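Residue numbers (the numbering used here): -12 to 451. Note that CB positions come from ideal geometry on N, CA and C, so glycine has one too. For clarity, every value in this text was computed on a predicted model and none was experimentally measured.
Below you can see the structure in the form of C-alpha coordinates.
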(Lines of atoms letter the chains of each structure in order from A and count residues from 1; the text may use other names and numbers.)
(Lines give C-alpha, C1' and ligand atoms only; values in the text may rest on other atoms or scores of the structure.)
Protein backbone atom coordinates (compact mmCIF):
# COMPACT_ATOMS: atom_id res chain seq x y z
CA UNK A 1 0.00 0.00 0.00
CA UNK A 2 1.28 3.44 -0.89
CA UNK A 3 2.36 5.78 1.87
CA UNK A 4 2.44 9.52 1.24
CA UNK A 5 5.77 10.76 2.49
CA UNK A 6 6.83 14.36 3.01
CA UNK A 7 10.10 13.73 1.18
CA UNK A 8 8.41 12.67 -2.06
CA UNK A 9 10.31 14.75 -4.62
CA UNK A 10 7.62 15.66 -7.13
CA UNK A 11 4.90 18.27 -6.96
CA UNK A 12 6.29 20.75 -4.41
CA UNK A 13 3.67 23.40 -3.68
CA UNK A 14 4.76 26.99 -4.12
CA UNK A 15 2.81 28.01 -1.01
CA UNK A 16 5.28 26.26 1.29
CA UNK A 17 7.12 23.04 2.03
CA UNK A 18 4.24 20.88 0.84
CA UNK A 19 5.21 17.91 -1.31
CA UNK A 20 2.67 16.01 -3.35
CA UNK A 21 3.35 12.96 -5.49
CA UNK A 22 0.38 12.44 -7.84
CA UNK A 23 1.60 8.94 -8.75
CA UNK A 24 1.47 7.85 -5.10
CA UNK A 25 -1.97 9.39 -4.67
CA UNK A 26 -3.12 7.53 -7.78
CA UNK A 27 -1.82 4.23 -6.36
CA UNK A 28 -3.80 4.78 -3.19
CA UNK A 29 -6.94 5.62 -5.15
CA UNK A 30 -6.47 2.44 -7.17
CA UNK A 31 -6.34 0.43 -3.94
CA UNK A 32 -9.45 2.21 -2.67
CA UNK A 33 -11.34 1.39 -5.87
CA UNK A 34 -10.43 -2.28 -5.44
CA UNK A 35 -12.54 -2.25 -2.26
CA UNK A 36 -16.06 -2.67 -3.77
CA UNK A 37 -17.95 -0.59 -1.19
CA UNK A 38 -21.29 -0.89 -2.94
CA UNK A 39 -24.51 0.56 -1.60
CA UNK A 40 -27.44 -1.58 -2.70
CA UNK A 41 -31.06 -0.47 -2.52
CA UNK A 42 -31.80 -3.67 -0.59
CA UNK A 43 -30.10 -3.39 2.84
CA UNK A 44 -29.84 -7.18 3.01
CA UNK A 45 -27.19 -7.04 0.27
CA UNK A 46 -24.86 -4.79 2.30
CA UNK A 47 -21.36 -6.25 2.65
CA UNK A 48 -19.27 -4.72 5.47
CA UNK A 49 -15.98 -6.35 4.48
CA UNK A 50 -15.00 -3.92 1.69
CA UNK A 51 -15.54 -0.98 4.05
CA UNK A 52 -13.19 -2.56 6.58
CA UNK A 53 -10.64 -3.13 3.80
CA UNK A 54 -10.95 0.49 2.67
CA UNK A 55 -10.36 1.73 6.19
CA UNK A 56 -7.19 -0.40 6.29
CA UNK A 57 -6.04 1.19 3.01
CA UNK A 58 -6.46 4.63 4.55
CA UNK A 59 -4.63 3.70 7.75
CA UNK A 60 -1.67 2.28 5.81
CA UNK A 61 -1.49 5.04 3.21
CA UNK A 62 -1.96 8.03 5.52
CA UNK A 63 -0.08 7.21 8.74
CA UNK A 64 0.16 10.79 10.04
CA UNK A 65 -3.57 11.32 9.62
CA UNK A 66 -4.21 8.19 11.68
CA UNK A 67 -1.78 9.06 14.47
CA UNK A 68 -2.34 12.82 14.79
CA UNK A 69 -6.09 13.11 14.11
CA UNK A 70 -8.84 11.58 16.19
CA UNK A 71 -10.88 8.98 14.28
CA UNK A 72 -14.41 7.96 15.29
CA UNK A 73 -16.44 5.37 13.39
CA UNK A 74 -20.10 6.37 13.14
CA UNK A 75 -22.84 3.85 12.33
CA UNK A 76 -19.93 1.35 12.21
CA UNK A 77 -18.70 2.19 8.71
CA UNK A 78 -18.73 6.00 8.35
CA UNK A 79 -15.60 7.88 9.44
CA UNK A 80 -15.26 11.15 11.35
CA UNK A 81 -11.75 12.57 11.73
CA UNK A 82 -11.06 15.53 14.03
CA UNK A 83 -8.02 17.77 13.48
CA UNK A 84 -7.79 20.05 16.49
CA UNK A 85 -7.07 23.68 15.68
CA UNK A 86 -4.85 26.08 17.58
CA UNK A 87 -7.81 28.38 18.30
CA UNK A 88 -10.66 26.13 19.45
CA UNK A 89 -13.02 29.09 19.86
CA UNK A 90 -13.19 29.51 16.06
CA UNK A 91 -16.08 27.71 14.34
CA UNK A 92 -14.72 24.50 12.76
CA UNK A 93 -14.61 23.64 9.06
CA UNK A 94 -15.73 20.34 7.54
CA UNK A 95 -14.51 18.56 4.40
CA UNK A 96 -16.74 15.75 3.14
CA UNK A 97 -17.03 12.86 0.76
CA UNK A 98 -18.55 9.41 0.74
CA UNK A 99 -17.02 5.95 0.74
CA UNK A 100 -19.79 4.02 -0.98
CA UNK A 101 -20.36 3.60 -4.70
CA UNK A 102 -23.27 2.58 -6.90
CA UNK A 103 -23.35 -0.92 -8.40
CA UNK A 104 -22.24 -1.59 -11.95
CA UNK A 105 -25.25 -2.37 -14.10
CA UNK A 106 -25.29 -6.14 -14.74
CA UNK A 107 -24.31 -6.96 -18.31
CA UNK A 108 -22.28 -3.77 -18.84
CA UNK A 109 -19.05 -4.98 -17.23
CA UNK A 110 -17.57 -5.89 -20.60
CA UNK A 111 -18.05 -2.36 -21.90
CA UNK A 112 -15.46 -0.97 -19.47
CA UNK A 113 -11.98 -0.28 -20.84
CA UNK A 114 -10.65 -1.70 -17.56
CA UNK A 115 -12.70 -3.80 -15.11
CA UNK A 116 -14.84 -1.51 -12.92
CA UNK A 117 -13.20 -2.50 -9.64
CA UNK A 118 -9.67 -2.98 -10.96
CA UNK A 119 -8.38 0.45 -9.92
CA UNK A 120 -6.18 0.25 -13.01
CA UNK A 121 -3.73 3.07 -13.70
CA UNK A 122 -3.37 3.36 -17.47
CA UNK A 123 -3.15 6.03 -20.15
CA UNK A 124 -2.76 8.73 -17.49
CA UNK A 125 -5.99 7.84 -15.66
CA UNK A 126 -7.13 5.91 -12.60
CA UNK A 127 -10.04 3.75 -13.76
CA UNK A 128 -12.93 2.32 -11.79
CA UNK A 129 -16.17 2.84 -9.93
CA UNK A 130 -15.77 5.67 -7.43
CA UNK A 131 -12.85 7.41 -9.16
CA UNK A 132 -15.00 10.53 -9.44
CA UNK A 133 -17.91 9.73 -7.15
CA UNK A 134 -16.26 10.22 -4.64
CA UNK A 135 -13.27 8.11 -3.65
CA UNK A 136 -11.09 10.40 -5.74
CA UNK A 137 -11.90 13.46 -3.65
CA UNK A 138 -11.79 11.48 -0.37
CA UNK A 139 -8.28 10.24 -1.17
CA UNK A 140 -7.27 13.75 -2.29
CA UNK A 141 -8.50 15.26 1.00
CA UNK A 142 -6.63 12.69 3.07
CA UNK A 143 -3.48 13.15 0.97
CA UNK A 144 -3.71 16.92 1.46
CA UNK A 145 -3.99 16.58 5.23
CA UNK A 146 -1.13 14.04 5.26
CA UNK A 147 1.08 16.45 3.32
CA UNK A 148 0.19 19.37 5.60
CA UNK A 149 0.95 17.31 8.69
CA UNK A 150 4.29 16.30 7.22
CA UNK A 151 5.11 19.97 6.69
CA UNK A 152 4.20 20.80 10.30
CA UNK A 153 1.08 22.77 9.43
CA UNK A 154 -1.71 23.03 11.99
CA UNK A 155 -4.99 24.81 11.27
CA UNK A 156 -6.22 27.68 13.40
CA UNK A 157 -9.79 26.38 13.38
CA UNK A 158 -10.59 22.74 14.04
CA UNK A 159 -11.14 20.72 10.86
CA UNK A 160 -13.47 17.75 10.58
CA UNK A 161 -13.23 15.16 7.80
CA UNK A 162 -16.56 13.35 7.41
CA UNK A 163 -16.88 10.38 5.08
CA UNK A 164 -20.27 8.66 5.00
CA UNK A 165 -20.79 5.06 3.96
CA UNK A 166 -24.35 5.22 2.57
CA UNK A 167 -24.68 8.44 0.57
CA UNK A 168 -25.85 6.55 -2.51
CA UNK A 169 -28.90 5.36 -0.53
CA UNK A 170 -29.63 8.77 1.04
CA UNK A 171 -27.05 8.86 3.87
CA UNK A 172 -29.60 8.24 6.60
CA UNK A 173 -27.14 6.34 8.80
CA UNK A 174 -23.76 7.84 7.93
CA UNK A 175 -23.97 11.56 7.24
CA UNK A 176 -27.14 12.01 9.25
CA UNK A 177 -25.50 10.17 12.16
CA UNK A 178 -22.34 12.29 12.01
CA UNK A 179 -24.34 15.52 11.78
CA UNK A 180 -26.46 14.45 14.77
CA UNK A 181 -23.30 13.67 16.73
CA UNK A 182 -21.79 17.10 16.00
CA UNK A 183 -25.08 18.81 16.79
CA UNK A 184 -25.32 17.00 20.14
CA UNK A 185 -21.84 18.30 20.95
CA UNK A 186 -22.94 21.86 20.21
CA UNK A 187 -20.74 22.21 17.12
CA UNK A 188 -21.46 25.16 14.84
CA UNK A 189 -19.50 24.97 11.59
CA UNK A 190 -17.94 27.84 9.70
CA UNK A 191 -18.15 26.09 6.33
CA UNK A 192 -18.74 22.71 4.72
CA UNK A 193 -17.35 21.45 1.41
CA UNK A 194 -18.89 18.37 -0.22
CA UNK A 195 -19.26 16.91 -3.71
CA UNK A 196 -21.61 18.58 -6.17
CA UNK A 197 -20.33 20.75 -8.98
CA UNK A 198 -17.00 20.50 -10.81
CA UNK A 199 -15.00 22.48 -13.34
CA UNK A 200 -16.63 22.05 -16.74
CA UNK A 201 -14.22 22.43 -19.64
CA UNK A 202 -14.75 25.07 -22.30
CA UNK A 203 -17.69 24.02 -24.44
CA UNK A 204 -19.33 21.90 -21.73
CA UNK A 205 -21.50 24.86 -20.69
CA UNK A 206 -23.41 25.84 -23.84
CA UNK A 207 -22.08 29.12 -25.21
CA UNK A 208 -19.42 29.68 -22.55
CA UNK A 209 -16.02 30.54 -24.00
CA UNK A 210 -14.14 29.52 -20.86
CA UNK A 211 -14.14 26.69 -18.34
CA UNK A 212 -16.77 27.16 -15.63
CA UNK A 213 -16.32 26.05 -12.01
CA UNK A 214 -19.82 25.20 -10.86
CA UNK A 215 -19.73 25.67 -7.09
CA UNK A 216 -22.98 24.42 -5.62
CA UNK A 217 -24.36 26.81 -3.01
CA UNK A 218 -27.71 25.00 -2.74
CA UNK A 219 -29.32 21.74 -3.73
CA UNK A 220 -32.83 20.82 -4.76
CA UNK A 221 -35.30 19.08 -2.50
CA UNK A 222 -36.54 15.54 -2.95
CA UNK A 223 -39.92 13.84 -2.96
CA UNK A 224 -41.11 10.51 -4.33
CA UNK A 225 -44.90 10.13 -4.59
CA UNK A 226 -46.91 6.97 -4.98
CA UNK A 227 -49.95 7.25 -7.27
CA UNK A 228 -52.53 4.50 -6.84
CA UNK A 229 -55.58 3.94 -9.02
CA UNK A 230 -58.31 1.40 -8.26
CA UNK A 231 -61.07 0.06 -10.46
CA UNK A 232 -63.10 -2.89 -11.60
CA UNK A 233 -61.17 -6.00 -12.51
CA UNK A 234 -62.32 -8.99 -14.44
CA UNK A 235 -61.62 -11.15 -17.45
CA UNK A 236 -59.59 -9.56 -20.23
CA UNK A 237 -62.05 -10.96 -22.78
CA UNK A 238 -64.74 -8.65 -21.36
CA UNK A 239 -62.77 -5.64 -20.13
CA UNK A 240 -64.64 -2.91 -18.25
CA UNK A 241 -64.66 0.52 -19.90
CA UNK A 242 -63.02 2.04 -16.83
CA UNK A 243 -60.26 0.29 -14.96
CA UNK A 244 -57.28 1.03 -12.76
CA UNK A 245 -54.68 0.99 -15.52
CA UNK A 246 -56.56 3.50 -17.67
CA UNK A 247 -57.20 5.78 -14.70
CA UNK A 248 -53.53 5.74 -13.79
CA UNK A 249 -52.45 6.35 -17.39
CA UNK A 250 -54.72 9.41 -17.64
CA UNK A 251 -53.37 10.73 -14.34
CA UNK A 252 -49.77 10.37 -15.51
CA UNK A 253 -50.66 12.10 -18.78
CA UNK A 254 -52.12 15.04 -16.84
CA UNK A 255 -48.98 15.17 -14.74
CA UNK A 256 -46.80 15.29 -17.84
CA UNK A 257 -48.90 18.02 -19.46
CA UNK A 258 -48.90 20.23 -16.35
CA UNK A 259 -45.24 20.66 -15.36
CA UNK A 260 -44.23 22.95 -12.53
CA UNK A 261 -43.84 26.50 -13.85
CA UNK A 262 -40.29 27.69 -14.60
CA UNK A 263 -38.87 30.27 -12.19
CA UNK A 264 -35.49 31.97 -12.28
CA UNK A 265 -34.43 31.90 -8.64
CA UNK A 266 -31.22 31.92 -6.69
CA UNK A 267 -28.67 30.54 -7.19
CA UNK A 268 -29.42 30.18 -10.91
CA UNK A 269 -29.70 33.95 -11.29
CA UNK A 270 -26.20 34.32 -9.86
CA UNK A 271 -24.95 31.53 -12.11
CA UNK A 272 -26.16 33.33 -15.24
CA UNK A 273 -24.71 36.62 -14.05
CA UNK A 274 -21.34 34.99 -13.36
CA UNK A 275 -21.03 33.31 -16.77
CA UNK A 276 -22.33 36.33 -18.71
CA UNK A 277 -18.86 37.78 -19.43
CA UNK A 278 -17.80 34.47 -21.04
CA UNK A 279 -20.85 34.27 -23.32
CA UNK A 280 -21.31 35.58 -26.88
CA UNK A 281 -22.73 39.07 -27.22
CA UNK A 282 -26.48 38.24 -27.49
CA UNK A 283 -26.49 35.99 -24.42
CA UNK A 284 -24.31 38.46 -22.53
CA UNK A 285 -26.94 41.15 -22.97
CA UNK A 286 -29.76 38.80 -21.93
CA UNK A 287 -27.89 37.63 -18.83
CA UNK A 288 -26.98 41.16 -17.82
CA UNK A 289 -30.64 42.27 -17.75
CA UNK A 290 -32.20 39.45 -15.75
CA UNK A 291 -34.70 41.81 -14.15
CA UNK A 292 -36.28 42.19 -17.58
CA UNK A 293 -35.29 39.00 -19.37
CA UNK A 294 -35.57 36.51 -16.48
CA UNK A 295 -39.05 35.10 -17.29
CA UNK A 296 -38.14 34.75 -20.97
CA UNK A 297 -34.87 33.00 -20.13
CA UNK A 298 -36.56 30.65 -17.68
CA UNK A 299 -39.04 29.53 -20.34
CA UNK A 300 -36.25 29.08 -22.89
CA UNK A 301 -34.23 26.98 -20.44
CA UNK A 302 -37.07 24.44 -20.15
CA UNK A 303 -36.36 23.28 -23.72
CA UNK A 304 -33.23 21.43 -22.59
CA UNK A 305 -33.44 18.83 -19.78
CA UNK A 306 -30.11 19.95 -18.32
CA UNK A 307 -31.04 23.62 -18.04
CA UNK A 308 -34.70 22.89 -17.24
CA UNK A 309 -33.57 21.29 -13.99
CA UNK A 310 -32.13 24.66 -12.93
CA UNK A 311 -35.45 26.51 -13.25
CA UNK A 312 -38.15 23.92 -12.54
CA UNK A 313 -39.27 21.37 -10.05
CA UNK A 314 -38.90 18.27 -12.21
CA UNK A 315 -41.10 15.18 -12.24
CA UNK A 316 -39.99 11.77 -13.51
CA UNK A 317 -42.15 8.66 -13.46
CA UNK A 318 -39.72 5.91 -12.48
CA UNK A 319 -41.74 2.82 -11.45
CA UNK A 320 -44.97 1.29 -12.83
CA UNK A 321 -46.72 -1.73 -11.33
CA UNK A 322 -50.01 -3.39 -12.32
CA UNK A 323 -51.37 -6.83 -12.99
CA UNK A 324 -50.36 -10.38 -12.15
CA UNK A 325 -51.65 -12.35 -15.17
CA UNK A 326 -51.96 -11.53 -18.84
CA UNK A 327 -55.70 -12.34 -19.09
CA UNK A 328 -56.81 -10.62 -15.87
CA UNK A 329 -57.68 -6.92 -15.75
CA UNK A 330 -55.98 -5.61 -12.58
CA UNK A 331 -58.01 -3.89 -9.87
CA UNK A 332 -55.04 -1.78 -8.73
CA UNK A 333 -52.35 0.09 -10.66
CA UNK A 334 -49.51 2.01 -9.09
CA UNK A 335 -46.78 4.40 -10.22
CA UNK A 336 -43.99 6.24 -8.48
CA UNK A 337 -42.82 9.65 -9.55
CA UNK A 338 -39.66 11.31 -8.31
CA UNK A 339 -39.70 15.09 -7.88
CA UNK A 340 -36.67 17.34 -7.42
CA UNK A 341 -37.85 20.54 -5.77
CA UNK A 342 -36.66 23.99 -6.81
CA UNK A 343 -35.58 26.38 -4.02
CA UNK A 344 -38.72 28.10 -2.80
CA UNK A 345 -40.84 24.94 -3.09
CA UNK A 346 -41.73 22.63 -0.19
CA UNK A 347 -42.56 18.96 0.10
CA UNK A 348 -46.06 19.83 1.31
CA UNK A 349 -46.69 22.28 -1.52
CA UNK A 350 -45.43 19.89 -4.19
CA UNK A 351 -47.54 17.05 -2.83
CA UNK A 352 -50.64 19.24 -2.85
CA UNK A 353 -49.96 20.32 -6.43
CA UNK A 354 -49.61 16.74 -7.67
CA UNK A 355 -52.93 15.88 -6.03
CA UNK A 356 -54.64 18.82 -7.77
CA UNK A 357 -53.20 17.89 -11.16
CA UNK A 358 -54.00 14.16 -11.18
CA UNK A 359 -57.49 14.61 -9.77
CA UNK A 360 -59.53 12.83 -7.09
CA UNK A 361 -59.71 9.39 -8.72
CA UNK A 362 -56.07 8.62 -8.01
CA UNK A 363 -54.61 8.43 -4.50
CA UNK A 364 -51.37 10.36 -3.99
CA UNK A 365 -49.10 9.77 -0.99
CA UNK A 366 -45.39 10.10 -0.18
CA UNK A 367 -43.59 6.88 -1.06
CA UNK A 368 -40.57 7.59 1.13
CA UNK A 369 -39.01 10.29 3.28
CA UNK A 370 -38.61 13.55 1.38
CA UNK A 371 -36.89 16.80 2.19
CA UNK A 372 -37.11 20.47 1.30
CA UNK A 373 -34.50 22.29 -0.80
CA UNK A 374 -31.44 23.40 1.12
CA UNK A 375 -30.82 27.00 2.10
CA UNK A 376 -28.83 29.04 -0.43
CA UNK A 377 -25.38 29.72 1.03
CA UNK A 378 -23.90 33.19 0.74
CA UNK A 379 -21.04 33.78 -1.68
CA UNK A 380 -19.78 36.69 0.42
CA UNK A 381 -18.11 34.51 3.04
CA UNK A 382 -14.35 34.20 3.42
CA UNK A 383 -14.53 30.48 2.61
CA UNK A 384 -16.27 31.03 -0.74
CA UNK A 385 -13.95 33.89 -1.67
CA UNK A 386 -10.85 31.82 -0.85
CA UNK A 387 -12.24 28.82 -2.72
CA UNK A 388 -12.84 31.01 -5.77
CA UNK A 389 -9.37 32.52 -5.60
CA UNK A 390 -7.67 29.12 -5.39
CA UNK A 391 -9.69 27.78 -8.35
CA UNK A 392 -8.59 30.75 -10.46
CA UNK A 393 -4.96 30.25 -9.42
CA UNK A 394 -4.90 26.54 -10.23
CA UNK A 395 -7.15 26.74 -13.31
CA UNK A 396 -6.32 30.07 -15.01
CA UNK A 397 -9.10 31.57 -17.09
CA UNK A 398 -11.83 29.65 -15.27
CA UNK A 399 -15.09 31.40 -14.41
CA UNK A 400 -16.24 30.62 -10.86
CA UNK A 401 -20.03 30.52 -10.68
CA UNK A 402 -22.40 29.74 -7.80
CA UNK A 403 -24.81 27.05 -8.92
CA UNK A 404 -27.71 24.81 -7.97
CA UNK A 405 -26.99 21.10 -7.46
CA UNK A 406 -29.91 19.24 -8.99
CA UNK A 407 -29.11 15.92 -7.30
CA UNK A 408 -28.89 15.10 -3.60
CA UNK A 409 -25.73 15.22 -1.49
CA UNK A 410 -24.89 14.47 2.12
CA UNK A 411 -24.24 18.19 2.64
CA UNK A 412 -27.92 18.72 3.35
CA UNK A 413 -27.51 17.07 6.76
CA UNK A 414 -24.80 19.55 7.77
CA UNK A 415 -26.31 22.70 6.28
CA UNK A 416 -28.32 23.52 9.45
CA UNK A 417 -25.04 23.49 11.42
CA UNK A 418 -23.03 25.66 9.05
CA UNK A 419 -22.66 29.28 8.01
CA UNK A 420 -22.13 28.06 4.46
CA UNK A 421 -22.35 24.69 2.69
CA UNK A 422 -20.61 24.40 -0.68
CA UNK A 423 -20.72 21.48 -3.11
CA UNK A 424 -17.72 21.21 -5.42
CA UNK A 425 -14.88 18.90 -6.43
CA UNK A 426 -11.80 20.61 -7.94
CA UNK A 427 -11.59 18.43 -11.06
CA UNK A 428 -11.76 19.54 -14.69
CA UNK A 429 -14.36 17.51 -16.62
CA UNK A 430 -14.84 17.37 -20.36
CA UNK A 431 -18.34 17.22 -21.79
CA UNK A 432 -18.39 13.41 -21.97
CA UNK A 433 -17.04 12.90 -18.47
CA UNK A 434 -20.36 13.61 -16.75
CA UNK A 435 -21.83 10.44 -18.27
CA UNK A 436 -19.07 8.39 -16.61
CA UNK A 437 -20.44 9.19 -13.14
CA UNK A 438 -22.75 6.26 -12.27
CA UNK A 439 -22.02 5.06 -15.82
CA UNK A 440 -19.39 3.12 -17.74
CA UNK A 441 -15.64 3.86 -17.69
CA UNK A 442 -15.59 6.11 -14.65
CA UNK A 443 -12.08 7.53 -14.33
CA UNK A 444 -9.97 10.46 -13.15
CA UNK A 445 -6.74 11.79 -14.64
CA UNK A 446 -3.65 11.30 -12.47
CA UNK A 447 -2.67 14.93 -13.03
CA UNK A 448 -6.18 16.07 -12.06
CA UNK A 449 -5.95 14.03 -8.87
CA UNK A 450 -2.68 15.73 -7.97
CA UNK A 451 -4.17 19.14 -8.63
CA UNK A 452 -7.14 18.26 -6.41
CA UNK A 453 -4.72 17.50 -3.55
CA UNK A 454 -3.07 20.86 -4.14
CA UNK A 455 -6.46 22.57 -4.07
CA UNK A 456 -7.36 21.07 -0.69
CA UNK A 457 -3.98 21.93 0.82
CA UNK A 458 -4.32 25.57 -0.22
CA UNK A 459 -7.92 25.75 0.93
CA UNK A 460 -7.00 24.41 4.36
CA UNK A 461 -4.08 26.80 4.62
CA UNK A 462 -6.19 29.80 3.60
CA UNK A 463 -9.64 29.14 5.10
CA UNK A 464 -8.88 26.94 8.10
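For residue 299, there is no enclosing alpha helix (DSSP H), since its DSSP letter is neither H nor E. Between the alpha carbons of residue 427 and residue 218 lies a distance of about 42 Å. Apart from sequence neighbours up to five positions away, the residues of its chain that approach residue 55 with a beta-carbon distance below 6 Å are 136, ordered along the chain.
Judged by their CB atoms, residue 20 and residue 161 are not nearer to each other than the 8 Å cut-off.
Here residue 176 is near residue 81, since their CB atoms are less than 8 Å apart.
One alpha carbon belongs to residue 404, the other to residue 148, and they sit about 15 Å apart. Residue range 57 to 61 is occupied by the beta strand (DSSP E) that includes residue 59.
In this structure, residue 410 places its C-beta atom within 8 Å of the C-beta atom of residue 184. With respect to the 8 Å criterion, residue 234 and residue 312 are not classified as neighbours on the basis of their beta carbons. Under the three-state reduction of DSSP output, residue 267 falls in the coil class, being neither helix nor strand. At a cut-off of 3 residues, the continuous stretches assigned as beta strand (DSSP E) that sit fully inside the segment 27 to 114 are 57 to 61, 65 to 70, 80 to 85 and 112 to 114.
Nearest Cα to residue 369 within the set 10, 179, 16 and 107: 179.
At a Cβ-Cβ threshold of 8 Å, residue 150 and residue 86 count as neighbours. Each residue's CA atom was taken as its position, placing residue 222 and residue 319 some 14 Å apart. DSSP places residue 247 outside both helix and strand once states are collapsed to three, so it counts as coil.
Separation of the CB atoms of residue 436 and residue 113 is rounded to 7 Å, and the pair is thereby assigned contact status at 8 Å.
In the three-state DSSP reduction, residue 329 falls in the coil class, being neither helix nor strand. Taking 8 Å as the cut-off, the beta carbon of residue 321 is found closer than this to the beta carbon of residue 213. Cβ-Cβ distances below 6 Å link residue 42 to nothing in the same chain once the five nearest sequence neighbours on each side are left out. Cβ-Cβ separation between residue 285 and residue 298: approximately 5 Å, consistent with a contact (criterion under 8 Å). Excluding five sequence positions before and after residue 413, the CB atoms of its chain that fall closer than 6 Å to its own CB belong to 439 and 442, given in chain order. One Cα belongs to residue 97, the other to residue 206, and the distance between them is close to 34 Å. In the structure shown, the three-state DSSP call for residue 279 is helix. Taking a C-beta distance under 8 Å as the contact criterion, residue 18 and residue 111 do not qualify as a contact pair. In the displayed model, residue 371 falls within a helix according to three-state DSSP.
Only exposed fits residue 95, as fewer than 16 other CB atoms lie within 10 angstroms of its CB. Rounded to the nearest angstrom, the gap between the Cα atoms of residue 209 and residue 397 is 13 Å. Just so you know, the alpha carbons of residue 28 and residue 120 end up roughly 17 Å apart.
Distance from the CA of residue 38 to the CA of residue 73, rounded to the nearest whole angstrom, comes to 32 Å.
In this structure, DSSP gives residue 377 a helical state, which the three-state scheme calls helix. Nearest neighbour of residue 243 by Cα position, chosen from 193, 172, 344 and 198, turns out to be 344. Each of 138, 279, 289 and 254 was checked against the Cα of residue 4, and the nearest Cα belongs to 138.
Between residue 408 and residue 231, the alpha-carbon positions lie close to 45 Å from each other. Inclusion of residue 399 and residue 361 in the CB contact set at 8 Å is warranted, their separation being smaller than that value.
By the CB criterion at 8 Å, residue 296 and residue 373 fall outside the cutoff. The beta strand (DSSP E) runs lying completely inside the segment 112 to 149 and spanning 3 residues or more are 112 to 114, given in chain order.
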